[in-house]
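Notes for the one structure printed next.
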Amino acid sequence: MLKVLKILGGVLIILLLGGGLYINSQRAEIIKKALTTAEETASKTLGVPVKIGSVDLNDINIFDRDKNSDITIHDIEIFDKKDELIARVDTAAVNFKLFALKDDPVAALDEIKLDGATFNLKQRDDESWNVNDIKVESEGESTFGAKVSVTRGTVNADFGGKKISVEEIAAEADCADMNAIAAKLNAKTLGAQVNATGTIGAVQQIINAAVDEIFFDKLLPYLPADKIPEGVEIIGGSAENFSLHLLRRDDTLTYLGSTKVKDATVKVETTDVEDINGTVTFNEREIILDASATANGQYASANGTVRFDTDETFFDIYAESDHFTPAAIINDIGIEGAANVRAHLVGTATNPQVDADIYSSWLGYDNLSAQNISTKLRYVGEMIYLND
Numbered sequence: 004m005l006k007v008l009k010i011l012g013g014v015l016i017i018l019l020l021g022g023g024l025y026i027n028s029q030r031a032e033i034i035k036k037a038l039t040t041a042e043e044t045a046s047k048t049l050g051v052p053v054k055i056g057s058v059d060l061n062d063i064n065i066f067d068r069d070k071n072s073d074i075t076i077h078d079i080e081i082f083d084k085k086d087e088l089i090a091r092v093d094t095a096a097v098n099f100k101l102f103a104l105k106d107d108p109v110a111a112l113d114e115i116k117l118d119g120a121t122f123n124l125k126q127r128d129d130e131s132w133n134v135n136d137i138k139v140e141s142e143g144e145s146t147f148g149a150k151v152s153v154t155r156g157t158v159n160a161d162f163g164g165k166k167i168s169v170e171e172i173a174a175e176a177d178c179a180d181m182n183a184i185a186a187k188l189n190a191k192t193l194g195a196q197v198n199a200t201g202t203i204g205a206v207q208q209i210i211n212a213a214v215d216e217i218f219f220d221k222l223l224p225y226l227p228a229d230k231i232p233e234g235v236e237i238i239g240g241s242a243e244n245f246s247l248h249l250l251r252r253d254d255t256l257t258y259l260g261s262t263k264v265k266d267a268t269v270k271v272e273t274t275d276v277e278d279i280n281g282t283v284t285f286n287e288r289e290i291i292l293d294a295s296a297t298a299n300g301q302y303a304s305a306n307g308t309v310r311f312d313t314d315e316t317f318f319d320i321y322a323e324s325d326h327f328t329p330a331a332i333i334n335d336i337g338i339e340g341a342a343n344v345r346a347h348l349v350g351t352a353t354n355p356q357v358d359a360d361i362y363s364s365w366l367g368y369d370n371l372s373a374q375n376i377s378t379k380l381r382y383v384g385e386m387i388y389l390n391d
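Written as structure tokens, this is what we have:
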């Protein structure tokens, strides 16, 4: 988004340079010349075709250096080298210091309001992006310090055979300090309302984001296939009250987020795990969960952590069920009856350890059965140990 704003800002500066220094009573002729100059200069500077529809000189203060001037530019279009549209802005209202244009046109800009802005981001077959066709070069420290706002904005992204749109964008950025740009954004995507605020700079970025509710069936097509374990299929449900707090400094990224999972359904191998409800908190190192679910009428709850900062994903999960019937989950397990189970899983997928307390009035296996069972079970090293 910052690159797009820089691109549009470059077009606006070029237009102001083309017309701002020649303003007098012959406005019509000057505007025509300014537009022609701006289009040609912008196209040459950015390295891609740029078209500008028209411009309104609203308030040009030639005789008062203390007052800002403002113009409105209509129908700005930027194309890539294949003549496909990258960006279009219906109107751009620009407030600027007229007499500062000659010395420093970037610093002369005071406020830019973009309305009806559409940005099309497209990844090509060679994995390059259309916006890479645009040359955005700067030398030295930027003197840009304007306030920039976007209303009725849309971003369309096309990548890897997938398409997604972010719509109804309303955004503001105060660029008074380019090392700490204060920004906020409201938008809708995949049927969800997104709100974000942040402070963005070259060295450090701080972002706080919130999403009201997003449904998994809309989100799943955009998730990498390798992020979902083999044999697991997410069927439905939603995440609501999602929040994310992100800090990136140089190459170090830290984040903290949380969400509430609502009425989710997951198919694990041949078993549907339904009515998944609970809270999930996560950071760059681990996921902390507290949830409940049912499978074939069996209710269970679980809480604990899943860590990713180890050589292999490490589980530390506590689970319990007041009435667990093994045969309802695994048809050919051969165990009859139900039990009250309290279990603790710790370890990795390749080296797990499970400790469980099992209580049951009756359990049967093959021709064996037992009543009033109270035992401790341990599974470790592919062996099961029982201790009365």
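Per the numbering used here: the sequence shown ends with 391, consecutive numbering throughout.
For glycine and all other residues, C-beta sits at the position ideal for the given N, C-alpha and C.
- A straight-line Cα-Cα distance of about 21 Å links D78 and K125.
- The DSSP-derived three-state label of E289 is strand.
- A Cβ-Cβ distance of about 20 Å is found for the pair V264 and G234, leaving them out of contact under the 8 Å criterion.
- The beta carbon of K116 lies closer than 6 Å to those of A96 and S152 in the same chain, with the five residues before and after it left out.
- The beta carbons of D325 and T308 sit no closer together than 7 Å.
- Taking a contact as a CB-CB distance under 8 Å, the pair A359 and L366 does not count as one, their CB atoms being some 13 Å apart.
- If you look at F219, you'll find it in the alpha helix (DSSP H) that goes F219 to L222.
- Sequence-distant Cβ neighbours of N343 in its own chain, meaning closer than 6 Å and more than five residues away, are D325 and Y362.
- DSSP places A242 inside the beta strand (DSSP E), whose first and last residues are V235 to R252.
- Per DSSP, the beta-bridge partners of D161 are K125 and K166.
- E272 is classed as exposed because its beta carbon has fewer than 16 other beta carbons within 10 Å across all chains shown.
- In this structure F122 does not touch A173 by the C-beta definition: roughly 14 Å separates them, more than the 8 Å allowed.
- One Cα belongs to I238, the other to D266, and the distance between them is close to 11 Å.
- Taking all protein chains in view, the Cβ of K100 is crowded by 16 or more other Cβ atoms within 10 Å, so the residue is classified as buried.
- Per DSSP, A205 is not a residue of any beta strand (DSSP E), being assigned neither H nor E.
- Buried is the label assigned to A190, since at least 16 other Cβ atoms lie within 10 Å of its Cβ.
- With respect to the C-alpha of R252, the residue from F311, P329 and Q207 having the closest C-alpha is Q207.
- Within the same chain, and ignoring the five residues on either side of F327 in sequence, the residues whose Cβ sits closer than 8 Å to its Cβ are Q301, A303, A341, A342, N343 and V344.
- With fewer than 16 other beta carbons inside 10 angstroms of its own, E87 counts as exposed.
- For V51, the three-state secondary structure derived from DSSP is coil.
- Selection A242, K221 and I387 evaluated against G194 yields K221 as nearest (Cα-Cα).
- For P232, the secondary structure class from DSSP, reduced to helix, strand or coil, is coil.
- Note on the stretch 290 to 323: whole beta strand (DSSP E) runs with a minimum of 3 residues are 301 to 310, in chain order.
- The closest CA to that of V269, considering only A294, S295 and E236, is found on E236.
- Under the three-state reduction of DSSP, D136 is assigned to helix.
- Between N306 and the set A213, I333 and I291, the nearest pair of CA atoms involves I291.
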